[in-house]
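Residue numbers for the sequence shown follow our numbering, beginning at 1 and rising by one.
Cβ coordinates follow ideal geometry from the N, Cα and C atoms, glycine included.
Below you'll find the structure, written out as structure tokens, and then a few comments.
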Amino acid sequence: MSSEDKEAQEDELLALASIYDEDEFKRAESAQGGETRICLELPQNFKIFVSDSGNSTESLQNSGFEYTVCFLPPLVLNFELPPDYPSTSPPLFTLSGKWLSRAQLSALCKHLDNVWEENRGCVVLFAWMQFLKEETLSYLNISSPYELKMCHQGSGQSRTPLVPLAAEKDCGGAAGSAAAEEEIFDARAVRDVESLSSLIREILDFDQAQRRKSFNSKMYLCNICFCEKLGSECMYFTECSHVYCKACLKDYFEIQIRDGQVHCLNCPEPKCSSVATPGQVKELVGEQLFARYDRLLLQSSLDLMADVVYCPRPGCQTPVMQEPGCTMGICSCCNYAFCTLCKMTYHGVSPCKVTAEKLMDLRNEYLEADEATKRFLEQRYGKRVIQKALEEMESKEWLEKNSKSCPCCGTHIEKLDGCNKMTCTGCMQYFCWLCMGSLSRMNPYRHFNDPSSPCFNRLFQAMHIDGEFWEAEDED
């Protein structure tokens, strides 16, 4: 190795190490060589189109999935500098990529050879890297959406285990077209993908990781505390991209979860409906609060399902699937068979014995509900039970307004006319309509004649005569 070549190689490697960080350039320890990982500069809203349905563009558009990405996995250029580089020989290299076909990689290898021929005698690694970074897409005629599809061999239906990407009919340049047509690939072109599913996963994972890396390195203004913070101290909502610092969102989420408002973890931006993902919630709140959030979220989701009820046993509460048109539920945990309407032990076709308290709750819920919720309640409890609840409550409200309960047996008594000495139709007990006190069976009127009684001289007070109330005057 001449001293000029050695000095040129060292200068080039040192220059590359100073220009690129460790993720982009790594020098080999035992030889004059290294590895560069080149992330392409993609245009905005660049899309990849994924299909597994054949070669027809029409069929791809009908059955594929489209993803918008900001980053694609890097092209990897491994190189070794021969002793007579750059005076005589070019660098030895291999070029690999996960999302390019073998033909496309071969076309790029050919172009790197051309760059060397144009600059023979000069160092070319930086020129190679700049070309790959800035011109790969235009050189290969790649545009959005970029199609990924399985390769077919011959006329058969079997597919190769490796997955090229065929975005365009030509692979860029005459050399690329010839390679594609003759299926003769450059030995330096390496395609390291096992399957279509693994390719998609790697592309999306890499894109997400790079977006996070880019986000973490920038400064953002939190509109809650009005402080500028690094992205690594902030969180953004995926749907709207609004950014707030983690400290403010942590306090906000914790308050909502403690109050049971697990569906209110929205973006704080006014009129924004974006919702935090469970992963974002888990990142901000403690383990105990996240467990509560997870439990309440599951429970609220199950509550909205008309075919899911809970085992009524207090110590169980296991969700139970309800068969359509059937009112019997059997808990898979404790084997308790119960009626899904009244939550009591299953009683077959006999009417439900729904408690008055339950009917009151059901009636109030039904009256306050919108049309969709009313249909849901009717589906869960049945229109008969809903109607019964409404009738029971109407009767109860009428009785509370127009009757009083016997102080002895509780029978509802309506006073139509006559004096204030009443007789219960249930237990025949005498009582005062004014103070609802029990009266003596021997002399019930003593209550109204005793000056020490609160109802003294009020036997005929507020008596109903001929459709009108008549107030008796107090006697002196």
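Whole-number beta carbon distance between residue j and residue i, since they are thought to touch under 8 Å
i	j	result
C245	E254	No, C245 and E254 are not in contact; Cβ-Cβ is about 15 Å, not under 8 Å.
C408	C432	Not really, about 13 Å apart at Cβ, beyond 8 Å.
L92	P82	6 Å
I142	V50	15 Å between Cβ atoms; not a contact.
K47	S138	The pair is not a contact, with the Cβ atoms about 17 Å apart (cut-off 8 Å).
C339	M328	7 Å
E414	N402	6 Å
H242	E269	5 Å
N216	L230	7 Å
L196	L140	Incorrect: roughly 20 Å between the Cβ atoms, too far for contact.
L108	T136	7 Å
K98	V193	5 Å
R441	F448	Actually they do not touch by this definition, with Cβ atoms about 15 Å apart.
7 Å Cβ shell around residue i - same chain, five flanking residues per side excluded
i	result
V115	V124, A127, W128, F131
L14	none
C225	C245, C248
P444	K421, Y430
H347	C339
A31	E80
E12	V123, L125
T423	Y430
G154	Because the pLDDT of G154 is 36, which lies under 50, any placement of that residue in the model is unreliable, and the question is left without a value.
A8	P86, V123
Identity of the residues DSSP links to residue i by a beta bridge
i	result
S438	F431
G34	R27, F79
V69	F46
S412	The displayed chain sequence assigns His, not Ser, to residue 412. H412 is bridged to S405.
G97	R191
Y146	I48
Y310	P319
E134	Answer is none; E134 lacks a bridge partner.
T423	Y430
Y220	K229
C536	The question about residue 536 has no answer, for the chain in this structure spans 1 to 476.
L92	E80
Candidates the options: closest to residue i by CA position
i	options	result
R191	S106, L341, C264	S106
E202	A389, Y67, S403	Y67
S300	M328, C264, E269	C264
T94	L77, L100, E392	L77
E312	G325, C39, S332	Reading the sequence as shown, one finds Pro at residue 312 and not Glu. Comparing Cα-Cα distances from P312 to each of G325, C39, S332, the minimum goes to S332.
C427	C435, C419, H412, D417	H412
Q208	Y336, T238, K396	T238
G279	S453, P270, A291, E269	A291
Q429	S452, S405, D417	S405
C334	K98, Q317, N402, E392	Q317
L296	V262, M344, D450	V262
S96	P73, H111, L439	P73
C419	A462, E397, S438	A462
L16	G33, C424, L108	G33
V281	G410, E269, M235	M235
K213	E194, D23, E394	D23
A103	D450, D5, I184, A28	I184
L289	S2, L459, G260	G260
S89	C109, H111, E117, P43	E117
C326	L416, Y310, V349	V349
Neighbourhood of residue i by C-beta, 8 Å cutoff - its chain only, sequence neighbours within 5 removed
i	result
E285	One detail in the question is off: residue 285 reads as Val in this sequence, not Glu. K250, F253, E254, I257, Y293.
N266	C272, S273, S274, V275, A276
L563	Outside the displayed range of the chain (1 to 476) lies residue 563, so it cannot be described from this structure.
C122	P86
K133	I38, C39, L40, E41
V308	L302, P319, V320, M321, Q322
Q210	C39, C70, F71
A187	none
Cβ neighbours of residue i in the same chain (closer than 6 Å, five flanking residues each side left out)
i	result
E228	M219, L221
G156	For G156, the predicted model reports a pLDDT of 34, less than 50, meaning its position is unreliable; a value from the coordinates is still stated below. Contacts found: none.
I330	A337
L75	I38, G97, L132
Proximity test, Cβ basis, 8 Å: residue i and chain D
i	result
D11	Here there is only one protein chain, and chain D is not present.
- At what residue ranges does the segment 313-398 contain a whole run of the alpha helix (DSSP H), taking only runs of 4 or more? Taking only runs of at least 4 residues, the alpha helix (DSSP H) segments lying wholly in the segment 313-398 are 356-368, 371-381.
- Could you tell me which uninterrupted alpha helix (DSSP H) segments, each at least 4 residues in length, are contained entirely in the segment 242-278, listed from first to last along the chain? If we require 4 residues or more, the alpha helix (DSSP H) runs fully inside the segment 242-278 come out as 246-258.
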